[in-house]
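Below is one structure, written out as structure tokens, with a few remarks after it.
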Amino acid sequence: MTASTFTAEVPRSIPTTTGADPGAVAYDAISAARARGADVVIVDTAGRLHTQDNLMEELAKVQRVIAKQIPEAPHETLISIDATTGQNGLRQAKVFSEAVELDGVVLTKLDGTAKGGIALAIASDLGIPVKLIGVGETLEDLRPFDPAEYAEALLAD
Amino acid sequence: MFDQLAERLQSTLSDVRSRGKLSESDVDAAMREIRLALLEADVNFKVVKSFTATLKERCLGDEVMKSLDPGQHVVKIVNEELASLMGGTGSELAMANSGPTVILMAGLQGSGKTTACAKLALHFGKAGKDVAIAACDVYRPAAVEQLVTVGERAGAHVYQQGTDRDPVEIAEWALQQARTERRDVLIVDTAGRLHIDQDLMAELTRIRKKTKPHDVLLVVDAMTGQDAVGVAESFAAAAEFDGVVMTKLDGDARGGAALSVKAVTGKPILFASTGEKLEDFDKFHPDRMAQRILGMGDVLTLIEKAEQQVDEKQALDLQEKMKKDQFTLEDFLQQMRQVRKMGPLSGIIGMLPGMGAMKQLKNADIDEGELDRVEAIILSMTPAERANPGMINGSRRKRIANGSGTRVQNVNALVKQFDQMRKMMRSMASGKMPDQQQLAQMAGGAQRPKMRRR
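What follows is the structure, given as structure tokens:
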């Protein structure tokens, strides 16, 4: 797991070795970010199936470690959902939200043919809105979610 | 996987079975429930429509309506049609007559291709084949490194040329290497690509032309929804794939994509990836899967897995020990390890026939962590203690608890349960069947303590 800080000019990564404890890495990242006066810390975590209780617990621990360092943190916890995912997406969001407080969804791979309709259920049933969408493989292909645009695309053809 | 679908189909069918004679409206009602169950399982709506139409036609035919037990016939028909939907009795990979068998892996981003390559390599490795994997994903960061890591772990040779060369050239070169080095199998990993990305689909076609694979496999994530069919159709048009590898079946996805792909493309599911470890990879048997979904269990797979783990002589010796009441904690440890090597217990339970009816056992949610603790406790005992748990007094219990990182209560519970197990074996040896209470007491130890109130 890497913690990166982005300045306007150059992204800086905090390198870790595999096998390190994710909570410890998050802690170090935030400490380093504070020391360097960074504005944003993005904490990436390993992909995990929601059916693995121990990994859900690990995620909860990372969130707790972050909260201990900065009281209102993490300010945003986002779950990444692949737009091709079917009904299971709702289940994923539900179980993840039982482990950590989720603020939003990043709906990815919308550049494909999948419409990611499960995001509607996630927003309606769980109250977790889509905040960002992924529309391609380059770094620039991340956009804020526009509900009107999405609705239009959903109903097209 | 398929749990939700299984539960609903089994409930509909048990209802049908209990009715005796069936009217057309009974059949209609059942078809409607089946239709809903399949749609909620993410099966493509076109597939659901045609599937239930076929079912209905057969169910209203003489075979069912004039039979003495129409309900049972309906179950038989659903089983047959479900199996046929997924591919019938199963298909084989085409193998080369001479030179390496070339297998090309394709699919969307994130479907699990790279891991599937390593798992497939291990699968062939276990069958004694010399396997090589070609690293043709030059786009995703660290894709080549990942393939090298997992490929070597699977015992395969990984052919790679970094990320600066054209994937088609790498594939061509890899094929040459495989021929020169006389490998039995060459698995070609490719980058994930959108089926609507014309450039990358054209690249896939070029790789196919250059490597002339004996098998092209489409890797599909089991949690894919309605989109699975469109993806499969597009890949079929561009790459003419021969079969599907379903991945991430260890999740709780409904699995409808699995049911839809064969129906729409005519291509069977050949392999199922069922967990995080490289060993969690099996040949897919549609008929067995249909039986599991309908609660008939999958005894064949259970037997195969057991055969891989159990030594017949050891099993006979153990049987003797049990009869003579010489079964020790050491024996218990060996048994537990053998069973656990067959895979996660939640998966094994699904293979036992009739588990659909035994709801409590199915939802028992066996706590593998509990089994780890039991193992640790036994390993903290001396051989003498394992052979004769009766000698484990207070101070020994404390030592064992400390050594295994558990509490004395856990040690007490294990010793007590083992004692009950031996009592049960003694009474079985003298001809009596174990009663429900004894079984429940024994099962109680392995269950998660978490109980949700409704």
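Chains as they are written, first to last, in our numbering: chain A, 49 to 205; chain B, 121 to 574.
Ideal placement from N, C-alpha and C gives every residue a C-beta, glycine not left out.
Nothing here was measured: the structure is a model prediction, and the numbers come from that model.
Residue 383/B sits buried, since 16 or more C-beta atoms from the chains shown fall within 10 Å of its C-beta. For residue 210/B against residue 367/B, the beta-carbon gap comes to about 18 Å, at or over 8 Å, which does not count as contact. Measuring C-alpha to C-alpha distances from residue 490/B to each of 462/B, 531/B, 507/B, 514/B identifies 531/B as the nearest.
Contact with chain A is absent for residue 274/B, since none of that chain's Cβ atoms lies less than 9 Å from the residue's Cβ. Scanning 353/B, 279/B, 264/B for the CA closest to the CA of residue 300/B turns up 279/B. Taking residue 492/B as reference, the option from 144/B, 147/B, 460/B, 327/B with the minimal CA-CA separation is 460/B. Contact with chain A is absent for residue 445/B, since none of that chain's Cβ atoms lies less than 9 Å from the residue's Cβ. Shortest Cα-Cα distance from residue 358/B to any of 317/B, 458/B, 446/B, 133/B involves 317/B. Of all residues in the segment 367 to 383 of chain B, the ones placed with a Cβ closer than 8 Å to any Cβ belonging to chain A are 368, 370, 371, 372, 373, 374, 376, 377, in chain order.
Closest in C-alpha terms to residue 257/B, from the list 380/B, 311/B, 400/B, 284/B, comes 311/B.
Only exposed fits residue 199/A, as fewer than 16 other CB atoms lie within 10 angstroms of its CB.
According to the DSSP assignment, residue 492/B belongs to the alpha helix (DSSP H) that extends over 488 to 499. Taking 7 Å as the upper bound on Cβ-Cβ separation, chain A lies near no residue of the segment 393 to 409 of chain B. Residue 162/B is a Cβ neighbour of residue 348/B, given a cutoff of 9 Å. For residue 310/B, no chain A residue has a Cβ inside 9 Å of its Cβ, as the nearest lies near 15 Å away. Spatial neighbours of residue 241/B in its own chain (CB-CB distance under 8 Å, excluding positions within 5 residues in sequence) are listed in chain order as 251, 253, 271, 274, 275, 276, 305, 307. Sequence-ordered contacts of the segment 316 to 344 of chain B with chain A read 316, 341, 343, 344 [C-beta pairs closer than 8 Å].
Going by DSSP, residue 165/B is part of no beta strand (DSSP E) but of the alpha helix (DSSP H) stretching over 165 to 179. Closer than 9 Å to the CB of residue 189/B there is not a single CB belonging to chain A. Residue 160/B is positioned such that its CB atom lies closer than 9 Å to that of residue 374/B.
Fewer than three Cβ pairs drawn from the segment 216 to 230 of chain B and the segment 161 to 178 of chain B lie within less than 8 Å of each other, which leaves the two stretches out of contact. Chain-order list of chain B residues neighbouring residue 166/A: 345, by C-beta distance under 8 Å. Taking 9 Å as the CB threshold, residue 76/A stays off the interface with chain B.
Restricted to the segment 118 to 198 of chain A, the beta strand (DSSP E) segments that are unbroken, complete and at least 3 residues in length are 126 to 130, 152 to 156, 178 to 182, 190 to 192, listed in chain order.
Taking the beta carbon of residue 97/A as reference, the chain B residues within 9 Å of it are 368, 370, 371, 372, 396, listed in sequence order. Contact holds between the segment 145 to 152 of chain A and the segment 96 to 108 of chain A, because three or more Cβ pairs, one in each stretch, are under 8 Å apart.
Under the three-state reduction of DSSP, residue 243/B is assigned to helix. When Cβ-Cβ separations below 9 Å define contact, residue 411/B makes no contact with chain A.
Taking 9 Å as the cut-off, the beta carbon of residue 235/B is found no closer than this to the beta carbon of residue 263/B. Between the segment 152 to 166 of chain A and the segment 185 to 205 of chain A, the count of C-beta pairs closer than 8 Å reaches three or more; the two stretches touch.
Listed along the chain, the chain B residues whose CB falls inside 9 Å of the CB of residue 159/A are 314, 316, 317. CA-to-CA, the gap between residue 446/B and residue 495/B works out to about 20 Å. In this structure residue 142/B touches residue 184/B by the C-beta definition: roughly 7 Å separates them, less than 8 Å. As DSSP reads the structure, residue 402/B sits in a beta bridge with 392/B.
The beta carbon of residue 380/B is closer than 7 Å to those of 163, 164, 167, 348, 349 in its chain, skipping five residues each way along the sequence.
As DSSP reads the structure, residue 462/B sits in no beta bridge.
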